[in-house]
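Student:
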Amino acid sequence: MEKLLEVKNLEVSFQTYGGEVQAVRGVSFHVNKGETLAIVGESGSGKSVTSQTIMRLIPMPPGKIKNGQILFNGEDLVKKTDKEMEQIRGKDIGMIFQDPMTSLNPTMKVGKQIMEVLIKHQNMSPAQAKERAIELLKLVGIPMPEKRVNQYPHEFSGGMRQRAMIAVALASNPKLLIADEPTTALDVTIQAQILELMKDLQKKMGTSIIFITHDLGVVANMADRVAVMYAGKIVEMGTVDEIFYDPRHPYTWGLLASMPSLDSDDKKELAAIPGSPPDLTNPPKGDAFAPRNPYAMRIDFEQEPPLFKISDTHYAATWLLHPDAPKVEPPEAVKKRLRKLSSNYDKPIIVKESE
Ligand SMILES: Nc1ncnc2c1ncn2[C@@H]1O[C@H](COP(=O)(O)OP(=O)(O)OP(=O)(O)O)[C@@H](O)[C@H]1O
Ligand SMILES: [Mg+2]
């Protein structure tokens, strides 16, 4: 499989009054052409900073890329000028957020916003761009696109705004789409429709997707592979099957037991991971998860674990994978949750008819 994006040893910090926040601490991963990588992890683990750094959208200062490479089609985005990045953002990489109002311009008609991309990056004439804008609105499922094209974002419902944002992101036919919790604010039915739409477009256009979500059903339904982040690092990575059926990092166990799945009614059984993430102005030595890890050994507090290889696609950074470590299993509650999730895993988990 061909790699579209390869992030190597990325480190991103923010200068604050409280000190330097080490938000991303040596992250490496890749995304193949046409595949979807889900990034999961508790709040503050560095998911958004990682994805915004790829787009070079973090504010600098206070932000700073301290180290690493972001190879996109073999070219390092870290080295690009702001002007070059602007081209890449309008053309090769698209991004959709949780709140469409942050990326849609409230003072400009929706159609005009799509047309701008087309005129600027696809060299279309205004007439061609308008025609294509209507097509795109239709493609993302907006009814009466000929009328909607002349309306402002506030005239759209939440779900429609989300669709409009996707239409803007797709206008340039990007090779990579970064979706940072794009459907969290929407109701379940609309959410399912937007996810279906994204999958459909991916199939048609071969787009690669990085999908950040807190919903396990969405992961199961959308992702090919999953990266689990904790305290600015990837602690486990694998195919969806490997992460769901054979998770190895105790943090992944806790996370899987704590993440909601909108399609299931087991919210009462969700257990947050006790304790809280470390202070990223002064990250601990050793495994950052150690203080919250019921299986922690002495070495966890002293030395950072390497990424142990479990299969060609599955890696986890925990000393429990050292050949000399005691064999431990995920807690029964985690296994129970996973069994329950996997029982509807082969069916479309979240995309179902609303009752
Ligand atoms: N502009 C900034 N200035 C200082 N610190 C920042 C800034 N932006 C992000 N951070 C810090 O970087 C860390 C990672 O934040 P990030 O937004 O990537 O988390 P996240 O995994 O996306 O969380 P969530 O699930 O809540 O969206 C956090 O500790 C956050 O406080
Ligand atoms: Mg975030």
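Residue 188 in full-length UniProt numbering is what sits at position 188 of the sequence shown, and the numbering runs on without skipping anything.
The C-beta atom is built at its ideal place from N, Cα and C for all residues, glycine as well.
All of these numbers come straight from a predicted model, not from anything done at the bench.
Span of the beta strand (DSSP E) holding Thr239?
Tutor: Against the sequence shown, residue 239 aligns to sequence position 239. It spans Lys233 to Thr239 - the beta strand (DSSP E) in which Thr239 sits, taken as one unbroken run.
Student: If contact is defined by three or more beta carbon pairs under 8 angstroms, each pair taking one atom from either stretch, is the stretch 287-302 in contact with the stretch 239-257?
Tutor: yes
Student: With a threshold of 8 angstroms, establish whether the CB of Val21 neighbours any heavy atom of ligand 1.
Tutor: For the purposes of this step, residue 21 is taken as residue 21 along the sequence shown, with counting starting at 1. It does: the Cβ of Val21 is within 8 angstroms (strictly closer) of some heavy atom of ligand 1.
Student: What three-state label does DSSP hand Thr53 in the structure shown?
Tutor: As a working mapping, residue 53 is identified with position 53 in the sequence shown. In this structure, Thr53 counts as helix in the three-state DSSP scheme.
Student: Using 9 angstroms as the threshold, is the C-beta distance between Arg163 and Leu137 below it?
Tutor: Counted from its first residue, the sequence shown places residue 163 at position 163. Counted from its first residue, the sequence shown places residue 137 at position 137. In contact: Arg163 and Leu137 (Cβ atoms closer than 9 angstroms).
Student: Measuring alpha carbon to alpha carbon, tell me which residue in Ala227, Ala192 and Ser276 is nearest Thr36.
Tutor: Stepping through the sequence shown from its first residue, residue 36 is reached at position 36. Cα-wise, what sits closest to Thr36 is Ala227.
Student: Got a sec, what are the start and stop residues for the beta strand (DSSP E) Ser258 sits in?
Tutor: Numbered from its first residue, the sequence shown carries residue 258 at position 258. It is not in any beta strand (DSSP E) - Ser258 instead sits in the alpha helix (DSSP H) that spans Pro250 to Ser258.
Student: Where does Thr16 sit, in a helix, a strand or coil, going by DSSP?
Tutor: The residue given as residue 16 occupies position 16 in the sequence shown. The answer is strand: DSSP assigns Thr16 an E or B state.
Student: Do Gly18 and Thr213 have their C-beta atoms closer together than 9 angstroms?
Tutor: To locate residue 18, count along the sequence shown from 1; it is residue 18. To locate residue 213, count along the sequence shown from 1; it is residue 213. Pairing Gly18 with Thr213 gives a Cβ-Cβ distance that is not under 9 angstroms.
Student: Alpha carbon to alpha carbon, how far is Gln128 from Gln113?
Tutor: Position 128 of the sequence shown, counting from 1, holds the residue named residue 128. Position 113 of the sequence shown, counting from 1, holds the residue named residue 113. Roughly 14 angstroms between the two C-alpha positions.
Student: Could you check which residue in Gly44, Pro260 and Asn9 has the C-alpha nearest to that of Lys340?
Tutor: As a first step, residue 340 must be located in the sequence shown, where it is residue number 340. Minimum Cα distance to Lys340 is reached at Pro260.
Student: Quick one: residues in its chain with C-beta nearer than 8 angstroms to the C-beta of Gly159, no 5 flanking neighbours on either side, listed in chain order?
Tutor: Position 159 of the sequence shown, counted from the first residue, corresponds to residue 159. Here the set comprises Leu186, Asp187, Ile190, Gln193 and Ile194.
Student: Assuming Glu242 contacts Thr318 under a Cβ cut-off of 8 angstroms, what Cβ separation, rounded to an integer in Å, is found between them?
Tutor: Stepping through the sequence shown from its first residue, residue 242 is reached at position 242. Stepping through the sequence shown from its first residue, residue 318 is reached at position 318. 14 angstroms between Cβ atoms; not a contact.
Student: Quick one, which of Glu42, Lys66, Gly41 and Ser43 has its alpha-carbon nearest residue 356's?
Tutor: This structure cannot settle anything about residue 356, because the visible part of the chain is limited to 1 through 355.
Student: On the criterion of 16 or more Cβ atoms from any shown chain inside 10 Å, does Ser208 qualify as buried, or is it exposed?
Tutor: In the sequence shown, residue 208 corresponds to position 208, counting from 1. Within a 10 Å sphere around the beta-carbon of Ser208 sit 16 or more other beta-carbons, which makes this residue buried.
Student: So, helix, strand or coil for Asn221, using DSSP?
Tutor: The count along the sequence shown starts at 1 and reaches residue 221 at position 221. Residue state, collapsed to three classes: helix.
Student: Per DSSP, which residues does Gln69 bridge with? Please list them.
Tutor: Here residue 69 refers to the residue found at position 69 of the sequence shown. Gln69 is bridged to Lys8.
Student: Using alpha carbons as the reference points, say which of Thr81, Thr102 and Pro126 lies closest to Gly111.
Tutor: Translated into positions along the sequence shown, residue 111 becomes position 111. Nearest C-alpha to Gly111: Pro126.
Student: Are the CB atoms of Met1 and Asn32 within a distance shorter than 9 angstroms?
Tutor: Reading the sequence shown from its first residue, position 32 is the one you call residue 32. Reading the sequence shown from its first residue, position 1 is the one you call residue 1. Yes, the pair counts as a contact, with Cβ atoms nearer than the cut-off.
Student: Cα-Cα, which of Thr50, Ala38 and Phe308 is closest to Glu11?
Tutor: Locating residue 11 in the sequence shown gives position 11, where the first residue counts as 1. Glu11 has its Cα closest to that of Thr50, out of Thr50, Ala38 and Phe308.
Student: Which two residues bound the contiguous beta strand (DSSP E) that contains Leu176?
Tutor: Your numbering for residue 176 matches position 176 in the sequence shown. In the DSSP assignment, Leu176 falls within the beta strand (DSSP E) that extends over Leu176 to Asp180.
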